[in-house]
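*Asks:*
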Amino acid sequence: MTTSAEFLYLEELPQRLVFIGGGYISFEFAHLAARYGRNVTIIHRSAGVLKKFDPDLVALLVGASELLGITVATNQPPVRIEKKKDDLLVIVQADGMEKEYHANMVVHGAGRVPNIADLNLEAAGIETSQDGVVVNEYLQSISNPRVYAAGDVAAGGLPLTPVAMVEGKVAADNLIYGLKRRRADYRVVPSVVFTLPKLASVGLQEAEANRQGLQYDVKFRETADWLHNLRINEPFAGFKIIMDKSTGRILGAHLLDSHADDLINLFALAMQHNLTAADIKQVLYAYPTASSSVQYMVG
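If you read the sequence shown in the working numbering, its first letter stands for residue 5, the second for the next number, and so on.
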């Protein structure tokens, strides 16, 4: 099986590719391969792909992926991979029976785990989980207070580059300037799936807002007919904004758009500084730009 790191260094793309796992890595690489005319399949063990993102917008992205020729196979846990002449056979469970997918290459896109198994951390009294070193809010090991961990090796935070950078600063501050000086704050962490269109998210999804018992309003709309999407003929686009019912503050923003990677940062800025929907609508935006559409997303 080819790793996601090895995939980046391929000198040529095989004709038939199967990606295992329905997360960031599989979707981003699958879109890349499909646009080079390759036969691409994403296999995911459960019903929902891209689970950290809004399900309504994920459904639109799956539609865009299928229009591109990508097969998205859900509820099909992989069982084994077999070699058959020049082909690889990916055997999955589907509806109680085994099903085969033929491929020239199988790419592992089901995520990564911290590479700490050989460090013998138990000998130093450092508690770990499958997600990494177990730390408190100060990124200090809960079992060995002399040890700090940050980035993908620390359990708790999202495995994203900006998160690792912030965690590095938090750990450094607490090491250099004294214990328990600075906490890791994960309330506003934007993330993007770099497909085309792009899928982006920051803050709460509806399910989490419901779990917290929050009173909120939701603005949801497909936006293929908006000007900045019409001019590039983008048939799959939309947004979902979750706002506090009483204050109008942004609780969560979820976007599917060719400019979602930049637009999501505007919502992250608004959330970080407690801006309301009214504040966002008061700004005079350059037009016609994708960012000018944020006023209509909250209005």
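Here a beta-carbon is modelled for each residue, glycine too, at the ideal position from N, C-alpha and C.
1. By DSSP, does E141 sit in helix, in strand, or in coil?
2. Output needed for R4: all residues of its chain with C-beta closer than 8 Å, excluding positions within five of it in sequence on either side, in chain order.
3. What are the partner residues of E102, as DSSP defines its beta bridges?
4. Kindly confirm or deny that the stretch 63-76 and the stretch 33-48 touch, where touching means at least three C-beta pairs closer than 8 Å.
5. Since H106 contacts T6 with CB under 8 Å, what's their CB separation in whole angstroms?
6. Select from L267, A274 and L218 the residue whose C-alpha is nearest the C-alpha of K202.
7. At the level of alpha carbons, what is the spacing between A175 and N140?
8. Going by beta carbon distance, what residues of the same chain come within less than 6 Å of F57, once the five residues before and after it are set aside?
9. Taking only the alpha-carbon atoms, compute the straight-line gap between Y28 and V192 and give it to the nearest angstrom.
10. Would you please state the rounded distance, in angstroms, between the beta carbons of H164 and S133? I believe it to be under 8 Å.
11. For Y220, list the residues DSSP reports as bridge partners.
12. CB V137 to CB V157, shorter than 7 Å?
13. When you compare each of K249, F243, F240 and S30 to N2 by their alpha carbons, which one comes out closest?
14. Pick out whichever of I246, D229 and F240 has its Cα sitting closest to the Cα of Q209.
15. Are L260 and L71 close, meaning C-beta to C-beta below 7 Å?
16. Would you list the residues sitting across from M109 in a DSSP beta bridge?
17. Sort K89, A154, A114 and G182 by Cα distance to A9 and report the nearest one.
18. Since N119 sits in a beta bridge, which residues does DSSP pair it with?
19. Just to confirm, is the Cβ distance from V96 to V110 under 7 Å?
20. Where Y40 and D90 are concerned, what is the direct C-alpha to C-alpha distance, given to the nearest angstrom?
21. DSSP three-state label for Y190, please.
22. Whole angstroms is fine: what's the gap from K244's alpha carbon to D122's?
23. Given this structure, state the Cα-to-Cα distance separating V53 from G67, to the nearest angstrom.
*Replies:* This is what the structure holds:
1. If DSSP states are grouped into helix, strand and coil, E141 belongs with coil.
2. With the chain covering 5 to 303 only, the question about residue 4 has no answer from this structure.
3. Secondary-structure assignment with DSSP links E102 through a beta bridge to Q97.
4. A contact exists between the stretch 63-76 and the stretch 33-48.
5. Rounded, the Cβ-Cβ distance is 16 Å, inconsistent with contact.
6. The candidate whose alpha carbon is nearest that of K202 is L267.
7. Going from the Cα of A175 to the Cα of N140 covers about 11 Å.
8. Cβ within range, chain order: L203 and S205.
9. Rounded to the nearest angstrom, the two C-alpha atoms are 19 Å apart.
10. This sequence places Leu at residue 164; His is not what is there. Not confirmed; about 19 Å, so no contact.
11. In DSSP, Y220 forms a bridge with D248.
12. Yes, the Cβ-Cβ distance between V137 and V157 is below 7 Å.
13. This structure gives no information on residue 2, because the portion of the chain shown stretches from 5 to 303.
14. With distances taken between Cα atoms, Q209 lies closest to I246.
15. Contact: no.
16. Residue pairing from DSSP places M109 in a beta bridge opposite L21.
17. With distances taken between Cα atoms, A9 lies closest to A114.
18. Bridge pairing for N119: absent [DSSP].
19. Their beta carbons are not under 7 Å apart, which means V96 does not touch V110 by this criterion.
20. Linking Y40 to D90 through their CA atoms gives a straight-line distance of about 21 Å.
21. Of the three classes helix, strand and coil, the one that applies to Y190 here is coil, per DSSP.
22. Looking at the two C-alpha atoms, the distance is approximately 44 Å.
23. In a straight line, the C-alpha of V53 is about 12 Å away from that of G67.
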